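Numbering (full-length UniProt numbering), first residue to last: 1 to 420.
Built from N, CA and C at the ideal position, the CB exists for glycine as well.
Since this is a predicted model, take the numbers as computed values, not measurements.
Working notes, beginning with the structure itself.
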Amino acid sequence: MEAFGRASITGGLNAITPWYPYPLPLVPAALEQLRGARVFTKLDLRSAYNLALINEVFRALLGRGVIVYIDDILVYSTSMEEHVLQVREVFARLQQHHLYVKLEKCEFHRSMVMFLGYVISHQGVEMDMVKVRVVTEWPAPSMVRELQRFLGFANFYRRFIWNYSSVAGPLTSLLRGKPKKLSWTDQARTAFLQLKEHFTTAPILRHPDPELPFVVEVDASCSGLGAVLSQRHGEPGKLHPCAFYSRKLTVAEGNYDVGNRELLAIKAALEEWCHWLEGARHPFQVLTDHRNLEYLRGAKRLNPRQARWAIFFTRFVFTVTYRPGSKNGKADALSRHFETANDPGKPELILPATAILAPVQWDLMEEIRRAHTDEPPLASCPPDRTFVPQLFRQQVMQWVHEAPSSGHPGIHRSMQLTRR
1 MEAFGRASIT GGLNAITPWY PYPLPLVPAA LEQLRGARVF TKLDLRSAYN
51 LALINEVFRA LLGRGVIVYI DDILVYSTSM EEHVLQVREV FARLQQHHLY
101 VKLEKCEFHR SMVMFLGYVI SHQGVEMDMV KVRVVTEWPA PSMVRELQRF
151 LGFANFYRRF IWNYSSVAGP LTSLLRGKPK KLSWTDQART AFLQLKEHFT
201 TAPILRHPDP ELPFVVEVDA SCSGLGAVLS QRHGEPGKLH PCAFYSRKLT
251 VAEGNYDVGN RELLAIKAAL EEWCHWLEGA RHPFQVLTDH RNLEYLRGAK
301 RLNPRQARWA IFFTRFVFTV TYRPGSKNGK ADALSRHFET ANDPGKPELI
351 LPATAILAPV QWDLMEEIRR AHTDEPPLAS CPPDRTFVPQ LFRQQVMQWV
401 HEAPSSGHPG IHRSMQLTRR
């Protein structure tokens with residue numbers, strides 16, 4: 001039977017209605033609660049669009065077996081016995097507050113369920129193959145609005161696509177400047193085909209398990225950075241992806257050398273997944289194909305940007321492990337889609353060697369020794385020290401204060417360094 005709804009023109013009413021903003025929950029964050037769940041029930045409320053009210057009704061159950069998103073409710077449990085009790089509790093609250101569900105849109109006691117456009121199971125989260133088929137069969141857009149619709153549709157599943165921002169980059173660049181007509185390039189056509197292909201090969205994203213150690217794989221190219229959050233499951237422990245992250249570099253970031261781009265990739269990944277990595281039960285591992293980052297914690301001298309990042313890194317407990325680029329495929333693919341041929345790719349130190357250990361060379365030593373003929377050392381000068389005549393004392397203090405290895409010290413530290 002076809003259902004009919006009432007249509008109303010409420011423009012005038014909306015104009016005088018007090019504004020009461022209530023944020024929608026973040027879907028990826030909500031789905032991260034499903035770790036260990038094996039039984040699912042999906043409910044669709046009838047005419048219930050007041051999220052604040054629904055959240056108040058289920059306040060005690062949110063995050064404890066119940067997810068609410070506008071009028072959709074997902075009940076999840078680790079066992080059938082527990083699930084039956086939770087579903088009864090949900091229906092008791094619905095009955096108490098006179099809320100009703102659409103039976104034809106509900107699914108009960110399933111091991112796999114469709115929720116908010118995703119396929120949910122105990123294995124993890126994956127894309128709806130019906131929607132994937134829509135993308136793969138999408139004809140090449142001929143108008144700006146058609147391309148916008150395609151990118152909007154594809155963007156919904158970007159968390160499953162390796163290097164989505166870089167793969168879709170040539171397509172989004174066609175929309176710069178709000179053009180009235182599409183001017184397709186060979187690069188854009190290739191990107192359109194590659195993006196559709198990525199939808200057919202997207203993996204299942206495992207639910208992150210805080211009881212297991214995390215592994216973060218990072219990589220950066222001259223145009224973008226990418227990262228993969230993974231965990232080892234089964235015997236032998238095989239890495240399974242939990243989440244992908246990628247973005248294009250800004251103009252300023254594109255000017256960083258190789259080491260600093262790799263360091264930026266680590267920082268960006270830790271910011272993206274800080275809710276899992278900060279305070280993690282086990283120290284996590286960062287895999288990078290830039291060997292010098294292994295010595296990050298031992299660096300003695302950092303530039304201001306690196307110093308800020310180093311303070312941020314102190315919030316996490318992790319080790320940096322070098323892995324050759326040939327074995328760093330997933331993160332490498334996330335970042336290198338737009339890498340140009342003119343990037344030399346030469347290995348560079350993330351910190352200059354002179355910034356870590358600088359030899360102390362006194363350029364004034366010969367002049368000081370020659371000056372001893374005119375101003376002999378005082379009798380009180382210790383035999384293991386060099387007497388500095390009055391003429392050179394200001395130059396010596398200035399040299400010590402500005403030397404690369406000294407770190408721009410204060411007056412007391414400068415005096416200590418001068419006496420050495």
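Could you tell me the alpha carbon to alpha carbon distance between threonine 78 and valine 39, rounded to whole angstroms? Within the sequence shown, residue 78 is the residue found at index 78, counting from 1. Within the sequence shown, residue 39 is the residue found at index 39, counting from 1. Approximately 6 Å between the Cα atoms of the pair.
Assuming contact is defined by CB atoms lying nearer than 8 Å, are leucine 74 and lysine 42 in contact in what I supplied? Counting from 1 along the sequence shown, the entry for residue 74 is found at position 74. Counting from 1 along the sequence shown, the entry for residue 42 is found at position 42. Yes.
Pick out the complete alpha helix (DSSP H) segments inside the UniProt domain "Reverse transcriptase" (53 to 120), 4 residues or longer, and give them in chain order. Listed in chain order, the complete alpha helix (DSSP H) runs (minimum 4 residues) inside the UniProt domain "Reverse transcriptase" (53 to 120) are 80 to 96.
To the nearest angstrom, report how far apart leucine 151 and threonine 172 are at their CA atoms. As a first step, residue 151 must be located in the sequence shown, where it is residue number 151. As a first step, residue 172 must be located in the sequence shown, where it is residue number 172. Straight-line spacing of the CA atoms in leucine 151 and threonine 172 works out to 8 Å.
Once you ignore the five residues that flank isoleucine 204 on each side, which residues in its own chain have a CB closer than 6 Å to its CB? Numbered from its first residue, the sequence shown carries residue 204 at position 204. Excluding residues within five positions, the ones whose Cβ falls inside 6 Å are Gln123, Gly124 and Glu126.
Considering only their Cβ atoms, is the gap separating tryptophan 162 from phenylalanine 284 smaller than 8 Å? Counting from 1 along the sequence shown, the entry for residue 284 is found at position 284. Counting from 1 along the sequence shown, the entry for residue 162 is found at position 162. No, the Cβ-Cβ distance between phenylalanine 284 and tryptophan 162 is not below 8 Å.
Taking the DSSP output, what are the residues bridged to serine 246? Counted from its first residue, the sequence shown places residue 246 at position 246. The partner list for serine 246 (beta bridge, DSSP) reads Gly226.
Three-state secondary structure assigned by DSSP to residue 426: The shown model of the chain, from 1 to 420, leaves out residue 426, and the question about it has no answer.
Kindly indicate which three-state DSSP category arginine 159 falls into: helix, strand or coil? As a working mapping, residue 159 is identified with position 159 in the sequence shown. Helix.
Compute the Euclidean distance between the alpha carbons of tryptophan 184 and lysine 196, then round it to the nearest angstrom. Position 184 of the sequence shown holds residue 184. Position 196 of the sequence shown holds residue 196. Cα-Cα distance, rounded: 17 Å.
What three-state label does DSSP hand histidine 275 in the structure shown? Within the sequence shown, residue 275 is the residue found at index 275, counting from 1. Here histidine 275 sits in helix by DSSP.
In its own chain, which residues sit with a C-beta less than 6 Å from the C-beta of asparagine 303, not counting the 5 before and 5 after it? Looking up residue 303 in the sequence shown gives position 303. Excluding residues within five positions, none has a Cβ falling inside 6 Å.
Got a sec? Which residues, its chain only, sit under 6 Å from valine 87 by beta carbon, not counting five neighbours each side? For the purposes of this step, residue 87 is identified with residue 87 of the sequence shown, where counting begins at 1. Thr41 and Val75, listed in sequence order.
Taking the alpha-carbon positions, what's the valine 90 to tyrosine 20 distance? Taking the first residue of the sequence shown as 1, we reach residue 90 at position 90. Taking the first residue of the sequence shown as 1, we reach residue 20 at position 20. Separation of valine 90 and tyrosine 20 (C-alpha to C-alpha, rounded to the nearest whole angstrom) is 26 Å.
Keeping to the same chain, check which residues put their C-beta closer than 7 Å to that of alanine 188; ignore five residues upstream and five downstream. For this step, residue 188 is matched to residue 188 along the sequence shown. Correct list, in chain order: Pro170, Leu171 and Leu174.
Nearest-angstrom Cβ-Cβ length linking valine 216 and leucine 239, presumed shorter than 8 Å: Position 216 of the sequence shown, counting from 1, holds the residue named residue 216. Position 239 of the sequence shown, counting from 1, holds the residue named residue 239. Actually they do not touch by this definition, with Cβ atoms about 11 Å apart.
Whole-number beta carbon distance between histidine 207 and leucine 34, since they are thought to touch under 8 Å: If you number the sequence shown from 1, residue 34 lands on position 34. If you number the sequence shown from 1, residue 207 lands on position 207. A Cβ-Cβ distance of about 5 Å is found for the pair leucine 34 and histidine 207, placing them in contact under the 8 Å criterion.
Can you round the beta-carbon distance between lysine 102 and arginine 46 to whole angstroms, since I take them to be within the 8 Å contact cut? Position 102 of the sequence shown, counting from 1, holds the residue named residue 102. Position 46 of the sequence shown, counting from 1, holds the residue named residue 46. Indeed they touch by this definition, with Cβ atoms about 5 Å apart.
Reducing DSSP to helix, strand and coil, say where tyrosine 20 ends up. Taking the first residue of the sequence shown as 1, we reach residue 20 at position 20. Coil, per DSSP.
Using only alpha-carbon positions, find the residue among Thr190, Asn14 and Asp128 that is nearest to phenylalanine 199. Numbered from 1 along the sequence shown, position 199 holds the residue referred to as residue 199. Closest in C-alpha terms to phenylalanine 199, from the list Thr190, Asn14 and Asp128, comes Asp128.
Of the residues Ile266, Gly279 and Ala280, the one placed nearest glutamine 306, counting alpha carbons only: Indexing the sequence shown from 1 puts residue 306 at position 306. Of Ile266, Gly279 and Ala280, the residue nearest in Cα terms is Ile266.
For proline 139, the nearest candidate out of Lys180, Leu193 and Tyr157 (CA to CA): The sequence position of residue 139 within the sequence shown is 139, counting from 1. Here the closest residue by C-alpha is Leu193.
Under a Cβ-count criterion, where at least 16 other Cβ atoms within 10 Å of its own Cβ denotes burial, should aspartate 289 be classed as buried or exposed? Your numbering for residue 289 matches position 289 in the sequence shown. So aspartate 289 counts as buried.
C-beta contact flag for cysteine 222 and glycine 254 at 8 Å: For the purposes of this step, residue 222 is taken as residue 222 along the sequence shown, with counting starting at 1. For the purposes of this step, residue 254 is taken as residue 254 along the sequence shown, with counting starting at 1. Yes, the pair counts as a contact, with Cβ atoms nearer than the cut-off.
Considering only their Cβ atoms, is the gap separating tyrosine 164 from serine 230 smaller than 8 Å? Within the sequence shown, numbered from 1, the residue matching residue 230 stands at position 230. Within the sequence shown, numbered from 1, the residue matching residue 164 stands at position 164. Going by C-beta atoms, serine 230 is not nearer than 8 Å to tyrosine 164.
Identify the continuous alpha helix (DSSP H) that holds threonine 136 and give its terminal residues. As a position in the sequence shown, residue 136 is number 136, starting the count at 1. Looking at the DSSP string, the run of the alpha helix (DSSP H) that includes threonine 136 is 129 to 136.
Which stretch, first to last residue, makes up the alpha helix (DSSP H) that contains lysine 196? Position 196 of the sequence shown, counting from 1, holds the residue named residue 196. Lysine 196 -> alpha helix (DSSP H) spans 186 to 200.
Measuring only the C-alpha atoms, how far is aspartate 44 from leucine 26? To locate residue 44, count along the sequence shown from 1; it is residue 44. To locate residue 26, count along the sequence shown from 1; it is residue 26. If you take the alpha carbons of aspartate 44 and leucine 26, they lie about 19 Å apart.
Length of the line joining the Cα atoms of glutamate 271 and glutamine 394: On the sequence shown, position 271 is the one that residue 271 refers to. On the sequence shown, position 394 is the one that residue 394 refers to. Rounded to the nearest angstrom, the two C-alpha atoms are 47 Å apart.
Taking the alpha helix (DSSP H) that valine 167 belongs to, which residues open and close that run? On the sequence shown, position 167 is the one that residue 167 refers to. That run of the alpha helix (DSSP H) goes 164 to 167.
Pick helix, strand or coil for arginine 232, following the three-state DSSP scheme. Here residue 232 refers to the residue found at position 232 when the sequence shown is read from its first residue. Reduced to three states, the DSSP call for arginine 232 is strand.
Am I right that glutamate 278 and phenylalanine 316 are in contact with their C-beta atoms under 8 Å? What's the rounded C-beta distance? Sequence index remark: in the sequence shown, residue 278 carries index 278 (1-based). Sequence index remark: in the sequence shown, residue 316 carries index 316 (1-based). Contact between glutamate 278 and phenylalanine 316 holds: their C-beta atoms lie close to 6 Å from each other, under 8 Å.
Along the chain, where does the alpha helix (DSSP H) that runs through phenylalanine 392 open and close? Within the sequence shown, the letter at position 392 stands for residue 392. From DSSP, phenylalanine 392 is part of no alpha helix (DSSP H); its letter is neither H nor E.
Does the Cβ of glycine 259 have 16 or more other Cβ atoms within 10 Å, making it buried, or fewer, making it exposed? If you number the sequence shown from 1, residue 259 lands on position 259. A residue is called buried when at least 16 other Cβ atoms come within 10 angstroms of its Cβ; glycine 259 meets this threshold and is buried.
How long is the line joining the alpha carbons of alanine 52 and aspartate 257, rounded to whole angstroms? Position 52 of the sequence shown, counted from the start, is the residue given in the question as residue 52. Position 257 of the sequence shown, counted from the start, is the residue given in the question as residue 257. One C-alpha to the other measures close to 49 Å.
For valine 27, the first and last residue of its enclosing alpha helix (DSSP H): In the sequence shown, the residue the question calls residue 27 occupies position 27. Where valine 27 is concerned, the enclosing alpha helix (DSSP H) stretches over 27 to 31.
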